[in-house]
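S.K.:
In mature numbering (1 follows the signal peptide of the UniProt record, and there is no 0), the protein residues as written are -19 to -1, 1 to 225.
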């Protein structure tokens, strides 16, 4: 299945304060670096989730996404064109930071968060087909994704500015697993409840296929915002202040 995603995000602007935020504690590179990263990461999580205007860190829970569009290959049995607007994602604050792996030579991080139950509230517009059955509608939707595990992969490089080395993120990708997804699309087929209930039921029965369509777009949006958070912090903080 070929999915194309387009995510419109809010530009939070340039960082307005220099140095590390007080809620981010650096770790010493060495055998206990990953252990320290988990401990200090857990301390920082509540501050990241609520945002910090001083450092131009956007609120991550609830995470607001102005627009998310998903376009699928029309030759497949599931081929939905979906636009989600004014989306709120709730539940990230309850994540548990369980693993951190750092490869200094590759300049690569891997983080794992689990115990996540996410809820999405959004206005939607949809057309296309689901398991060959036509689907069309617009209205409000609620999507629940249960028992989510997020795997975050970060690659960075360093660049020199004013005789100091700064970290610059080259790529931030998020993969995930989930044990259940449910959806309720209101006002399908121009308000035809019977047809709408049938399609909602079919989607929830075949939730894994639905998850393959919707999930990557949602995690892409989260990745964009997380990268924005890290970019805003790293812009004015030399590497020597991050890695002791």
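Just so you know, even glycine gets a beta-carbon here, dropped at the ideal spot from N, CA and C.
If I measure Cβ to Cβ from residue 65 and keep anything under 6 Å in the same chain, skipping five residues before and after, which residues do I get?
M.R.: Contacts found: 49, 103, 105.
S.K.: Give me the Cβ distance between residue 206 and residue 44, rounded to the nearest whole Å; I'm assuming they're in contact under 8 Å.
M.R.: With 8 Å as the limit, residue 206 and residue 44 qualify as a contact, their Cβ atoms being about 6 Å apart.
S.K.: Rounded to the nearest angstrom, how far is the Cβ of residue 157 from that of residue 200, given a contact under 8 Å?
M.R.: Going by Cβ atoms, the distance from residue 157 to residue 200 rounds to 5 Å, so yes, they are a contact pair.
S.K.: Whole beta strand (DSSP E) runs in the region 71 to 131 with 3 or more residues, listed along the chain?
M.R.: Counting only runs of 3 or more, we get 77 to 84, 89 to 111.
S.K.: What are the start and end residues of each continuous beta strand (DSSP E) run of 3 or more residues lying completely inside the region 139 to 166, in chain order?
M.R.: With a minimum length of 3 residues, the continuous beta strand (DSSP E) runs that stay inside the region 139 to 166 are 145 to 158, 161 to 166.
S.K.: Start and end of the beta strand (DSSP E) containing residue 45?
M.R.: It spans 44 to 53 - the beta strand (DSSP E) in which residue 45 sits, taken as one unbroken run.
S.K.: Between the C-alpha atoms of residue 209 and residue 175, what's the straight-line distance to the nearest angstrom?
M.R.: Cα-Cα distance, rounded: 43 Å.
S.K.: Quick one: measure Cβ to Cβ for residue 63 and residue 46, integer angstroms, because I've assumed they're closer than 8 Å.
M.R.: At roughly 13 Å, the Cβ-Cβ gap does not stay under 8 Å, so residue 63 and residue 46 are not in contact.
S.K.: With C-beta atoms as the reference, is residue 188 less than 7 Å away from residue 162?
M.R.: Yes, the Cβ-Cβ distance between residue 188 and residue 162 is below 7 Å.
S.K.: Do residue 83 and residue 94 have their C-beta atoms within less than 7 Å of each other?
M.R.: Cβ atoms of residue 83 and residue 94: not closer than 7 Å.
S.K.: Can you name the residues that DSSP bridges to residue 17?
M.R.: Residue 17 is not bridged to any residue.
S.K.: With distances taken between CB atoms, is the gap from residue 7 to residue 225 smaller than 7 Å?
M.R.: Result yes, Cβ atoms of residue 7 and residue 225 sit closer than 7 Å.
S.K.: Quick check: the region 148 to 156 against the region 128 to 135, are at least 3 beta-carbon pairs closer than 8 Å?
M.R.: Yes, the region 128 to 135 is in contact with the region 148 to 156.
S.K.: Could you name the residues of the same chain whose beta carbon sits closer than 8 Å to that of residue 110, not counting the 5 residues immediately before and after it, in chain order?
M.R.: Within the same chain, residue 110 has close Cβ partners 58, 59, 60, 61, 116.
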